[in-house]
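K.L.:
Before I ask anything, let me first share the structure, which is written out below as structure tokens.
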Amino acid sequence: MKSIVTHLLFFSIPLIIIGETATLYRAEKIQATPSQFFKPGEILIENGIIKAIGNSVKCPDGCKFVEWKNSEIYPGLISPGSSLGLAEINALRPTRDLSEVGTHTPGIEAWVAVNPDSELIPVARANGITHSLTVPMGGTISGTSGLIKLHGWGTEDITIKKNVALHLWWPGHGLSIPSPSHGNKSKSIKDQDKERKKRISEIDEFFDQAIAYQTQKKSGDKTFLQIPSWEAMIPVIERKTPLMIHANESRQIKAAVQWAEKRNFKFTLSGARDAWKHADWLAEKKIPVIFRHIFSAPLHQSSPHDDYYKAPGILAKAGVPLSIGLPLGGWATANQRNLPYHAAHGVPYGLSREKALASITIEPAKACGIDHRLGTLEKGKEATFIRTSGDILDIRISVLGMVMQGNEVNLESRHTRLNSRYLNRPKP
Amino acid sequence: MINVQNFFYLSLFLLVLVNLNGDDFSFPGEKPKVLDIHALVGGDIQINPEKRIKQGTILIRDGIIERVGKDFEIPPAYRIWKMEGKTIYPGLIDAYLLSGSSESGLLELDHDQHVYATTDLSFHGVPSTRSDPGEKGPGFEVAGVHPQYKLVTTFQPDEKKWEDLRENGFTMVHIAPSDGIFRGTGPSVLLLNKNPNDCIVKKEVAQILAFDPVGKEETPAVYPSSLMGVFSVIRQSFLEVEYAQQLLSYEAKNSTSLPFTSHSGILALASVMKKQNSMPIWIESGSCLMTNRAIKLSKEFNLSPVLIATGDEWRRPDLACSESLSYISPLIFPALANLKEEDDWEQISLDQLRAWDHAPSNPALLAKKTKSLSLTTTGTNFNEFHKNLLKAIERGLSKENALAALTTNPAKLLGAEKYAGTLESGKLANLFIVNGGNYFSKDVSIHSTWIKGRPFIHPVQKSQKNEKDEANASRIKSDQLVARFPSEDRKPINMPSSILFTNATIWTCSMDGKMKNGELFIENGKIRALGKTIKDLDRSKIKVIDLQGKHITPGIIDCHSHAMILGRVNESTLPSTAMVRIEDVINSESVNIERQLAGGVTTCNLLHGSANPIGGQNAVIKLRLGSAPDKLLIKNAPKGIKFALGENVKQANWGDKYTSRFPQSRMGVKMFFQNRFGAALAYEKKLKRGKKEGFPVKTNLELGAILEIIKGQRLIHCHSYRQDEILVFLRTMEGFGVRVGSLQHVLEGYKVADEISRHGAGASTFSDWWAYKFEVYDAIPYAGAIMHERGCVVSFNSDSPDHARRLNLEAAKAIKYGGLSEMEALMFITLNPAKQLGIDSWVGSLKVSKDADLAIWSGPPLDYRTKCEQTWVDGILLHETEASTERDKRRKNERLSLLKKAKQSLEKVKEHEPTKEAQIKFFRHSLETASDLHPHSCRSGQHNNQCVHQ
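Going line by line, the protein sequences match chains A and B. Every number in my numbering is 951 more than the matching position in the first sequence, counting from 1. Every number in my numbering is 940 more than the matching position in the second sequence, counting from 1.
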């Protein structure tokens, strides 16, 4: 919490020095929260913070007035997980920084390797994505993710929260299918079961060891040696850094939930392919879910073609706090701009528009522990929002503008630059 | 001409008799010869599958059955064998026992993801690092093509194996070679020990052909490494034989003999292709649909093959079974895995359960729907073979058919029906004797097996019979087939001869624009009328559907798909594979058909991958759910071919090993095209000269396809990215007078849009995909709109089974990026791809006399809130929301019933450990299924290393 306050101060100070006055934006519609909108709407901001919002807001003396005609205003969209900044051109190894070697590397921090000038960042921003949770990959415990804003100057500036969560990738529980080549030995079902249990007990053991380290450290034992990896585990054990557990299959999900309950950890479930099958159970336990599979191929050939289209609707209806994201990894990085359409696709299949909006704004903000600043447009929250020509979930509309912490942000990108260059190519 | 085969048998028999007489007198120290005059008395005799004599007698002399019957007096010289309580059966024959480098050997095609290409380039005249990728010595210059191989030349009896076979009643086997594509021949042999000369019945039974992409086993892979490559190899091999024969007769007439014209491979294949007295050909296809392909291929080359079944014929009995052909089937039934947890079962698919449940019924299916069924023990052990045989009988295979499948039918296939297969006088005394009355009983024990009159008495086996077995036997009897046939879920939902849609918003994708409250009338699969109100219709006599304001668009056309291709989408080995054809490997069973129909797609351009500058021939299909692969093809669609430029063809992202195949740079790519087009022109010149001067010219499938391009008979669909390569490619093709059909991906096409437009090539691109490799760093989502504005015919394609499910939403991006109108955007996925594929006379817009390919949407087609509710192909309803839901329910229930059955049968039966083959078979996906599980697409982001092969 302390770090956030410092950050706020850090951003506020220069604004105050410049003597920024209040600005009032008026639009045809302001979607303040997923369930509340003002039509027409006005939003008053000062020093990067929302001072007032409503159908009509009083503009104080000296207030700048901005009319956004034929426009709607939405909170900035938050990607609940990507490799933005860590991956540029995924086929090229020199441009990949998204995963690290090792099975248990809690000391890895994603924010340190984010390239603030990645060409992929302005492209995502241009469609209204203001923030991304940048996630480290590789191994069982891959490290901690950082929340970045998609505009700013340098790594420290754009990183608005360093250790958002420790990422635990739950061991796979799939049956290994024997190779079709003759003589290739597959493991017996029994052995596979054993291996599965062993891997889970390894996770337990790792956390037990971390606790042992913490105990030794506290005791002031003279043989104590400071070990960075265990140091990184202490905020997790002290419940200061939350857990994000990546699990897709039913059994992984169940095992992860049981494990976390046993150890009394709160966590966010990421991936969550089969979570819809346990929607009520997850809702009851109030486990937030980040669903990343709306466009995955159905599990079996006999599965309905729209199983995963329906999944977000089922989860949301059951009351599961639901975020929607793209699959993690290098290949999805360049496509983060399509985040709203991953959420939108649930709508004709039972997801309400309200929950679809929540899944890419306030819910990911909550999952990142930053909902007091981001995710909705309410008095006292950050003035980070976007201007669109219509429903943000509709592919046909355009994102026309963006305000981040009170400042209007340029939405140019490699794509708009190339577009205007070649749009204006003289006919040969 | 003397019948060679008969002559051969005659000599064999003479040899047998001479040998017997000559060896009668043993040397001192040897065991004296046993007498070979036997009388088997008092046993039941199963003369042939239909006829049985109670308590009869068989007389055997010198290895031959002398007399069979009842109530005749036994001459005094005979050694009497009392056979009361026993039954004598004709000796069993295994028609297809494999022998070769792999143990079980039956071909199981799979569809794993990709293979990296080779540096071996010698096929079809491309410069190479290795001169002959074929076998050592003279022969075909392709891996796996060695029809001249004769297994008999190295034949040795395998004493241990043969003892096993004999103990299970077998007396004769056909040993077939198991390596390669054209594998050569194997002998049929009697299961006698010691001297190979005593065993051989026939030196060569048949030429064995298997659809095995053998090149993929090499590192780096060599041609052919894909299933479609295999078919090109087969075709080219046959064509070479034809050419050699033409050349021989030409030389005979013109006395211009060259010293060497035909190698032994040519001669061996020539004997297969001869009309009379030909060497039979047996085909092991490796999958259900490939069996259908084997039947088609046989028609193409006028062959009448014996087919090795896979056990998967239940998937498409209508395609895999032929009443005019004989089949040989293994009896490997998948063994249920003993899964402990519910979540384990969750991972078992309906398809796996169906395969498990259908397996025992498959032999009966084959017996019913084919000319004849023979069985082979290959891939099983004998215990399991017999057990499975009984299961097959319980599932409807008659005992007569079962016995025929092990005696008379294989005898015929082996050309040995005169000598084996039944217990009739004059035949070889090949037989086996069971204790009790029935070979087809669970506790059968075999007393002895006799081969050529020589008895092998088996040690008395303890009867395995106990109460548990009894219980099992009764349980199995009640075992009914629960699984359904896949075709049951793929029937048309509705196929009215005519139908009138009213009150619809009609997006015509033509000059007519969008019509509100419009009407559309279809009849016999065609659009007959459309408009505000259609006149001259007797509305009382036709079916009318009020769409209540819903939207109708033309069926969506996907100009770039790999979603229904079997056995690899790249023949990635050679830089030019113009001879391979996607139409050989269309997966009509792919679940992607129904999934994409659910997204409004009706037509797909199935393309070869982009691993080489000149890829294979594409196939333009309609998603006619449930139809045979050949019936999916759009008949009138112009022929086409896949080309590729850039990083993939120069192997830029394949790793450091791949640096020697030409081309390795964009400079070389251009030169490569010039080379192959030049070669094609030279080939044409030679063809013309040959025709004029009357000398034969070898048909070259690669150059023939390229020549079609030059003649304007084949459209190029060229994978391309960077502006420079696009421009240079267009210019190179213009140099040969060729107009390019479509540039695929064409991500920097917006930089040279005017040039593309002027050339007249279509531009089929992604809506917004970029930055996955270096050459797409400059890809922008505005590209479609820019190219469109500059006069190009632009489409958005899927290149992924997933994106194909929502191409309407991809099209919407042309509005977002570039501000096109909704109709213009919709045309990116309807009329424009139709134009690019040259099929716009029939599909792509809603216009009178075009095909009735429609998608009906709940709302505006480019709106995210809209669902596709109905999809019609040729006036037949193939997707409808409620019907699809019903189908899903049926499948769910079927899966649950099968799961229940599976769990029950695991509880009840404590069977012996199933063979490894059977255990693996439960988890192994058929080719048709595997190709859906490993789709060729990177856009899902799941197949990192392979993604560079678009």
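The C-beta atom is built at its ideal place from N, Cα and C for all residues, glycine as well.
State the DSSP-derived secondary structure class of R1076(A), mapped to helix, strand or coil.
P.N.:
For this step, residue 1076(A) is matched to residue 125 along the first sequence. Helix.
K.L.:
Tell me the residue span of the alpha helix (DSSP H) that contains W1019(A).
P.N.:
Reading the first sequence from its first residue, position 68 is the one you call residue 1019(A). Run containing W1019(A): none in the alpha helix (DSSP H); it sits in the beta strand (DSSP E), 1015-1026.
K.L.:
Buried or exposed, going by whether 16 or more other CB atoms sit within 10 Å of the CB of L1207(B)?
P.N.:
Counted from its first residue, the second sequence places residue 1207(B) at position 267. Result: exposed.
K.L.:
Using a C-beta to C-beta distance shorter than 7 angstroms, which residues of chain A count as neighbours of A1538(B)?
P.N.:
Residue 1538(B) sits at position 598 when you count from the first residue of the second sequence. Near A1538(B) (Cβ distances below 7 angstroms), the residues of chain A are H1256.
K.L.:
For a test of the three-state rule: what should DSSP assign to G1320(A), helix, strand or coil?
P.N.:
In the first sequence, counting from the first residue as 1, residue 1320(A) sits at position 369. Coil.
K.L.:
Does G1357(A) come out as helix, strand or coil in the three-state DSSP assignment?
P.N.:
Locating residue 1357(A) in the first sequence gives position 406, where the first residue counts as 1. Looking at G1357(A) - three-state DSSP - the assignment turns out to be coil, as it is neither helix nor strand.
K.L.:
Is it buried or exposed, L1671(B), if we count other Cβ atoms within 10 angstroms and call 16 or more buried?
P.N.:
Sequence index remark: in the second sequence, residue 1671(B) carries index 731 (1-based). Inspection of the sequence shows that residue 1671(B) is occupied by Arg rather than by Leu. Per the 10 Å Cβ criterion, exposed.
K.L.:
Excluding the 5 residues preceding and the 5 following I1343(A) in the sequence, name in chain order all residues of the same chain whose CB lies nearer than 6 angstroms to its CB.
P.N.:
Locating residue 1343(A) in the first sequence gives position 392, counting from the first residue. Cβ neighbours of I1343(A) beyond the five flanking positions: Y1025, P1291.
K.L.:
Label S1221(A) either buried or exposed according to how many other C-beta atoms from any shown protein chain fall within 10 Å of its C-beta, with 16 as the threshold for buried.
P.N.:
Position 270 of the first sequence holds residue 1221(A). Flag for S1221(A) reads buried.
K.L.:
Taking just the CA atoms, how far does L1369(A) sit from I1348(A)?
P.N.:
To locate residue 1348(A), count along the first sequence from 1; it is residue 397. To locate residue 1369(A), count along the first sequence from 1; it is residue 418. The alpha-carbon atoms of I1348(A) and L1369(A) are separated by roughly 20 angstroms.
K.L.:
So within the stretch 1088-1131 of chain B, which uninterrupted alpha helix (DSSP H) runs reach at least 4 residues, ignoring any that extend past its ends?
P.N.:
1099-1107
K.L.:
By Cβ distance, which residues of its chain are closer than 6 angstroms to P1801(B), with the 5 residues on each side in sequence left out?
P.N.:
Reading the second sequence from its first residue, position 861 is the one you call residue 1801(B). Result list for P1801(B): H1491, T1493, N1748, in chain order.
K.L.:
Using a cut-off of 8 angstroms between C-beta atoms, extract the partners of D1718(B) located in chain A.
P.N.:
Mapped onto the second sequence, residue 1718(B) falls at position 778. R1365, L1369, listed in chain order.
K.L.:
Which residues bound the beta strand (DSSP E) around A1921(B)?
P.N.:
In the structure displayed, chain B extends from 941 to 1890; residue 1921(B) sits before or after that span and is not available.
K.L.:
Closer than 9 angstroms by beta-carbon distance: list the chain A residues that pair up with P1741(B), in chain order.
P.N.:
Position 801 of the second sequence, counted from the first residue, corresponds to residue 1741(B). In chain order: A1248.
K.L.:
Can you list the residues of chain B that Y976(A) reaches, using a CB-CB cut of under 7 angstroms?
P.N.:
Residue mapping note: residue 976(A) aligns to position 25 of the first sequence, counting from 1. Correct list: empty, because the minimum Cβ distance to chain B is about 23 angstroms.
K.L.:
Applying the 10 Å Cβ sphere with the 16-neighbour rule, what's the burial state of G992(A)?
P.N.:
Translated into positions along the first sequence, residue 992(A) becomes position 41. Label assigned to G992(A): buried.
K.L.:
Looking at the C-beta of N1378(B), does it have a partner C-beta in chain A at a distance below 8 angstroms?
P.N.:
As a working mapping, residue 1378(B) is identified with position 438 in the second sequence. Chain A has no Cβ within less than 8 angstroms of the Cβ of N1378(B).
K.L.:
Residues of chain B with CB closer than 9 angstroms to the CB of R1324(A), please, in chain order.
P.N.:
As a first step, residue 1324(A) must be located in the first sequence, where it is residue number 373. Within chain B, no residue comes near R1324(A); the closest Cβ sits about 29 angstroms away, beyond 9 angstroms.
K.L.:
Identify the contact partners of D1872(B) in chain A, using a Cβ-Cβ distance below 7 angstroms as the criterion.
P.N.:
In the second sequence, residue 1872(B) corresponds to position 932, counting from 1. Going along chain A in sequence order, the residues near D1872(B) (Cβ under 7 angstroms) are Q1252.
K.L.:
May I ask you to report which of helix, strand or coil DSSP gives N1375(B)?
P.N.:
Mapped onto the second sequence, residue 1375(B) falls at position 435. Correct three-state label for N1375(B): strand.
K.L.:
Within the 8 angstroms Cβ cut-off, does L1374(A) reach chain B?
P.N.:
Taking the first residue of the first sequence as position 1, residue 1374(A) is located at position 423. Using beta-carbon distances, L1374(A) counts as an interface residue toward chain B, with a partner under 8 angstroms.
K.L.:
Tell me whether A1057(B) is buried or exposed, calling it buried when 16 or more other Cβ atoms sit within 10 Å of its Cβ.
P.N.:
Against the second sequence, residue 1057(B) aligns to sequence position 117. At A1057(B) the pLDDT is 28, less than 50, meaning the model places this residue with poor confidence; the figure from the coordinates comes in the next sentence. It is buried - the Cβ of A1057(B) has at least 16 other Cβ atoms within 10 Å.
K.L.:
Can I1005(B) and G1366(B) be called in contact, C-beta distance under 8 angstroms?
P.N.:
One-based indexing of the second sequence puts residue 1005(B) at position 65. One-based indexing of the second sequence puts residue 1366(B) at position 426. It is a contact, given that the beta carbons lie within the stated cut-off.
K.L.:
Do we get a CB-CB distance below 8 angstroms when we pair R1347(A) with the residues of chain B?
P.N.:
Here residue 1347(A) refers to the residue found at position 396 of the first sequence. Answer yes: the Cβ-Cβ gap between R1347(A) and chain B drops below 8 angstroms somewhere.
K.L.:
Going by the beta-carbon positions, is the gap between I1121(B) and V1154(B) smaller than 8 angstroms?
P.N.:
Within the second sequence, numbered from 1, the residue matching residue 1121(B) stands at position 181. Within the second sequence, numbered from 1, the residue matching residue 1154(B) stands at position 214. The answer is yes: Cβ separation under 8 angstroms.
K.L.:
Between which two residues does the alpha helix (DSSP H) containing F1158(A) stretch?
P.N.:
By one-based count along the first sequence, residue 1158(A) stands at place 207. Element bounds for F1158(A): 1140-1170.
K.L.:
Which ranges does the alpha helix (DSSP H) cover as unbroken runs of at least 4 residues, wholly within the stretch 1663-1720 of chain B, from first to last along the chain?
P.N.:
1663-1675, 1693-1699
K.L.:
Could you compute how far the alpha carbon of N1321(B) sits from the alpha carbon of T1855(B)?
P.N.:
For this step, residue 1321(B) is matched to residue 381 along the second sequence. For this step, residue 1855(B) is matched to residue 915 along the second sequence. Distance between the alpha carbons of N1321(B) and T1855(B): 7 angstroms.
K.L.:
Between which two residues does the alpha helix (DSSP H) containing M1435(B) stretch?
P.N.:
As a first step, residue 1435(B) is located in the second sequence; it is residue number 495 there, counting from the start. Careful: M1435(B) lies outside any alpha helix (DSSP H) and carries neither H nor E.
K.L.:
For a contact meaning CB atoms closer than 7 angstroms, what does N1278(B) contact in chain A?
P.N.:
Residue 1278(B) sits at position 338 when you count from the first residue of the second sequence. Chain A residues near N1278(B): I1140.
K.L.:
Helix, strand or coil: which one does DSSP assign to M1195(A)?
P.N.:
Residue numbering aside, residue 1195(A) sits at position 244 when the first sequence is read from its first letter. The answer is strand: DSSP assigns M1195(A) an E or B state.
K.L.:
State yes or no: is the beta carbon of V1086(A) nearer than 8 angstroms to at least one beta carbon in chain B?
P.N.:
By 1-based counting over the first sequence, the position of residue 1086(A) is 135. Answer no: the Cβ-Cβ gap between V1086(A) and chain B never drops below 8 angstroms.
K.L.:
Any contact of the stretch 1423-1431 of chain B with the stretch 1463-1474 of chain B, i.e. 3+ C-beta pairs under 8 angstroms?
P.N.:
no
K.L.:
Find the nearest neighbour of P1603(B) within the set N1552(B), I1272(B), P1636(B), judged by alpha-carbon distance.
P.N.:
In the second sequence, counting from the first residue as 1, residue 1603(B) sits at position 663. Measuring from the Cα of P1603(B), the nearest candidate turns out to be N1552(B).
K.L.:
How should N1137(B) be labelled, buried or exposed, when 16 other C-beta atoms within 10 angstroms of its C-beta is the threshold for buried?
P.N.:
As a position in the second sequence, residue 1137(B) is number 197, starting the count at 1. Exposed: under 16 other Cβ atoms inside 10 Å.
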